[in-house]
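Data first, discussion second: the structure below is written as structure tokens.
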Amino acid sequence: MDRINDEVAGLLQEYADLIAITGGDAFKVRVYEKAARSVGGYAQDIAHFDEGELRRIPNVGASIAGKIEEFLHTGVIHQLEELRLKVPAGVRRLTTIPTLGPKRAMVLYEELGIGSIGALAEAIRAGKLQGLRGFGAKTEENLLHGIDLMQKTGQRVHTDVAMGVAEEIVAELSTVGGCARCTFAGSLRRMKDTIGDVDILATAENSAALMAAFSGSSLAAEVIAGGGTKSSIRTAGGLQVDLRVVRQDAWGAALQYFTGSKAHNIRTREIAVHQKLKLSEYGLFEVETGEKIVSADEAEVYGRLGLPWIAPTLREDSGEIEAALRGELPEPVTEADLRGDLHTHTDLTDGLAPLEEMVAAAAKRGYRYYAVTDHAPNLYMQRMTDEKALAQRERIDRLQDSYPGLRLLHGTELNIDPEGNVDWPPEFLTGFELCLASVHSHFGLPRAEMTRRIVRACENPHVKIIAHPTARIIGRREPVDADWDEVFRACARTGTALEIDAFPDRLDLPAALVRRALGFGVLFSIGSDAHAVPHLDNMRYGIGTAQRGWLTADRVINTWPIDQLTDFLRR
Ligand code: DGT
Ligand code: ZN
Ligand code: CA
Ligand code: CA
């Protein structure tokens, strides 16, 4: 969760956007925009401000102060809620097209029901905008150009977005007659933090049926390029998907090639050359005879090169080739190694699902333990209290009886304040079986202060895990600036684990820092940070990040048996 100032700023900006979209007064729009910037940039935390204090913030007048106060007390601004109901999210997304203002976005929605960028592109191509007031030929051209620009500057997407598209397409293509194998490759298979485009690989002796199914897929808002063995489409969300069809006997080599990374491929190709072989997207060949070496799978390709199979998440030419040649490749932690989840929320704070539903879903995943770690009181908008925490503990105790195979742990996610202190006095913290602590505010502290702040949290004997340590939000908020080596030393010294938050927009600790931390002897926890039942499945992205950081199961505390874990938590 953001600092409350940022959250309020976001709401005021949204209010401004919605006034503009619904054709409101332009002056009013500017007033709210200015207020949003002032609140966002205001040095003091406004969580406990009264109306008088709020009005001392520049550009905040009586009416805006009233709305902020309403939000601080009730968690909502009812006028904003009303506006939200009038304007669907799709229309708001339309206004991100460079040449499309809010007023015309609303016309498109009201007259033609257009609620997404993909739908708009479709409508223009189908000539549906002709005759619409305010939309001449020139406007259409500008809009198409704007859409094109957006898609070209090609925003990389979070891994879960790409995964959703990839899995749907793989499922569709796998049912096509003649398709023997189909899977996704590229950066998605390597589980990078963000994905540029989705690469799908399939085998068929005759590729035509696959190509037709691909360009005819309901996911294809646009066919960018179509050919005999390769095609590209774009989804309505603007994500490009490339399909490559190869012959069955080239599967292993082609999968190796299209998984990448490019840097890794350059190394494997060099190794091939030294052995008088040629490795390409078309297969592995004997240079002298030109003969293709059948490669049913990747392991055969690597084997032929004198290498063990290398997990896709390690293929970045960051030492994996050397380690493989020395026989020292790590065996990275897998999802099957996990015995529980140590970072989850319920609707007691900002989660969506009640405790009982979250626990039932955890049991269904086969977990042996599960920690409920709702937010602590200093994250003011969550309105946590001693009473609520204690009531939750009783509810967990009662629920435990129904789950003999699943140990429930009552925990909390504390907030690390700028000095490194956390919520609640020690005697109250003792009552929790697990305390996470994380940075949820003051993201801009200078490096030395930020480092001291996190180190102090590690030194707190109640804090067992530092959650989402860099507090980054991929594509939205930079990681905080800290001397991470110093933090890693503190973690190792105090026996505090660092979390890999598996939420696709966090993936925090990032892989590069995970790998660096290993040298300091740091322990890890991979947590879903689930705020709803489906989020429990985000664990796979945390595993991807862990693997990219070369993390092995023994260093991950939530792969440990319950007794070992509870020993660790009590220490
Ligand atoms: P992305 O899409 O930017 O997230 O990253 P990738 O790694 O998926 O890159 P992409 O889609 O351009 O290409 C997919 C894979 O194809 C890439 O990981 C390795 C392979 N590849 C692409 N271009 C080259 C190349 O010029 N040389 C070599 N050796 N491999 C390439
Ligand atoms: Zn958090
Ligand atoms: Ca790609
Ligand atoms: Ca590609």
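Final position of the sequence shown in the numbering used here is 621; the numbers increase by one with none missing. Where is the CB? At the ideal position from N, CA and C, for every residue including glycine. The structure displayed is predicted, hence computed values, not measured ones.
In the three-state scheme derived from DSSP, where H, G and I count as helix and E and B as strand, Tyr419 is classed as strand. Judged by the Cβ position, Lys328 fails to qualify as a neighbour of ligand 1 at the 8 Å threshold, every heavy atom of the ligand being at least this far. Proximity to ligand 3 was defined by a C-beta distance below 6 Å to any of its heavy atoms, and the residues meeting it, in sequence along the chain, are Gly236, Ser237, Gly246, Asp247 and Asp249.
For the pair of segments examined, the segment 145-157 was found to touch the segment 56-72: the number of CB pairs separated by less than 8 Å reaches three.
By a beta-carbon distance limit of 8 Å, Asp243 contacts Thr209. Their separation comes to about 7 Å.
For Ile118, the enclosing alpha helix (DSSP H) begins and ends at Ala112 to Thr124.
Gly333 is bridged by DSSP to Ser330.
Here Ile114 has Ala85 as same chain residues with Cβ atoms under 6 Å from its own Cβ, once five neighbours each way along the sequence are excluded. Fewer than three Cβ pairs drawn from the segment 337-351 and the segment 366-373 lie within less than 8 Å of each other, which leaves the two stretches out of contact.
Beta-bridge pairing by DSSP links Ser281 to Leu293. A distance criterion of 8 Å places the beta-carbon of His585 beyond contact range of ligand 2, judged by its closest non-hydrogen atom. Relative to the Cα of Gly278, the nearest Cα in the group Gly266, Ala262 and His518 belongs to Ala262.
By the neighbour-count definition (other C-beta atoms within 10 Å, threshold 16), Asp100 is an exposed residue. By the Cβ-count criterion, Thr253 is buried, with 16 or more other Cβ atoms from all chains shown falling within 10 Å of its own Cβ. Here the alpha carbon of His490 sits roughly 18 Å from the alpha carbon of Leu398. When beta bridges are read from the DSSP output, Gly390 appears opposite Tyr419. A direct Cα-to-Cα measurement between Phe185 and Glu83 gives close to 28 Å. With a cutoff of 8 Å, Phe570 does not count as near ligand 1, since its C-beta is closer than that to no heavy atom of the ligand.
About 23 Å separates the beta carbon of Ile283 from that of Ala300, a gap too long to meet the 8 Å contact definition. Each residue's CA atom was taken as its position, placing Ala582 and Arg418 some 19 Å apart.
Of the residues Arg543, Lys117 and Arg527, the one whose Cα lies closest to the Cα of Arg556 is Arg527. The closest CA to that of Ala540, considering only Ala517, Phe570 and Pro529, is found on Phe570.
The three-state secondary structure of Thr233, taken from DSSP, is strand. Per DSSP, the beta-bridge partners of Leu459 are Ala421. Going by DSSP, Glu320 is part of the alpha helix (DSSP H) stretching over Lys312 to His324. Between Leu61 and Ile107, the CB-CB gap reaches or exceeds 9 Å.
Residue environment for Asp579: buried (at least 16 other C-beta atoms within 10 angstroms of its C-beta). Note on the segment 354-404: whole alpha helix (DSSP H) runs with a minimum of 4 residues are 370-376, in chain order.
Put simply, the segment 472-489 touches the segment 415-431. At least three CB pairs are less than 8 Å apart. In the DSSP assignment, Gly168 falls outside any beta strand (DSSP E) and lies within the alpha helix (DSSP H) extending over Ile167 to Arg175. Here DSSP, grouped into helix, strand and coil, assigns Lys136 to helix. For Tyr307, the shortest C-beta to heavy atom distance toward ligand 1 is below 8 Å. Sorting Asp247, Gly165, Glu131 and Leu223 by C-alpha distance to the C-alpha of Gln205 places Asp247 at the top. Taking 9 Å as the cut-off, the Cβ atoms of Gly545 and His393 do not count as close. When the five nearest sequence neighbours on each side are left out, the beta carbons in the same chain lying within less than 7 Å of the beta carbon of Ile54 are those of Asp95, Ile96, Ala97, Tyr430 and Met431, in order along the chain. Between the alpha carbons of Glu255 and Val215 lies a distance of about 25 Å.
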